[in-house]
Each structure stands twice: as structure tokens, then as C-alpha cells.
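Q: To convert, count from 1 in the sequence shown and add 284; that's our numbering.
We put the beta carbon where it would ideally sit given N, CA and C, even for glycine.
Below you will find the structure I want to go over with you.
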Amino acid sequence: MKTVLLPHFLITIIMSVALAVVLINVELQLWMAIVLTATLVLNVVLFFTLLILKKRVDQQSE
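Take a look at the structure:
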């Protein structure tokens with residue numbers, strides 16, 4: 285489970301840091317900041333959804 289989901293989680297963290305640096309340096313327009321934030325939130329939601337689904341599959345297989 286961890287080997288499958290950990291890379292996705294690390295990519296999410298790296299993306300969020302990179303986006304924060306870009307936003308600070310470039311001072312992008314507000315709508316761009318909103319779009320990037322929404323993308324990050326969706327990524328985190330997807331991660332937890334995958335985690336929950338994986339737990340359910342593991343329970344059913346037992």
C-alpha cells in the first residue's frame with residue numbers, strides 16, 4: 285500500500301512547495317493562484333480517497 289501511494293503523496297508535497305515558490309516570486313494573477321490551490325486540494329482528496337479504497341479492498345480480501 286505505502287509503495288503505491290507514497291510517490292503520489294511526495295509528488296503532491298513537491299508540487300505544493302514549487303507552486304508556493306512560483307506564486308511568491310512571480311506574483312501571478314489571483315485566478316491562477318485559485319486554480320493552482322484547487323489542483324492541490326483535489327490531489328490531497330484523491331490521495332485520501334485512494335487510501336480509504338485500498339483499506340476497504342484489503343479488508344474484503346481477508
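May I have the straight-line CA-CA distance separating K339 from V319, to the nearest angstrom?
A: Numbered from its first residue, the sequence shown carries residue 339 at position 55. Numbered from its first residue, the sequence shown carries residue 319 at position 35. In a straight line, the C-alpha of K339 is about 30 Å away from that of V319.
Q: What is the rounded straight-line gap between the Cα of L324 and the Cα of M316?
A: Locating residue 324 in the sequence shown gives position 40, where the first residue counts as 1. Locating residue 316 in the sequence shown gives position 32, where the first residue counts as 1. Roughly 12 Å separates the two Cα atoms.
Q: Taking Cβ positions, are H292 and L330 nearer each other than 9 Å?
A: As a working note, residue 292 is residue 8 in the sequence shown. As a working note, residue 330 is residue 46 in the sequence shown. Their beta carbons are under 9 Å apart, which means H292 touches L330 by this criterion.
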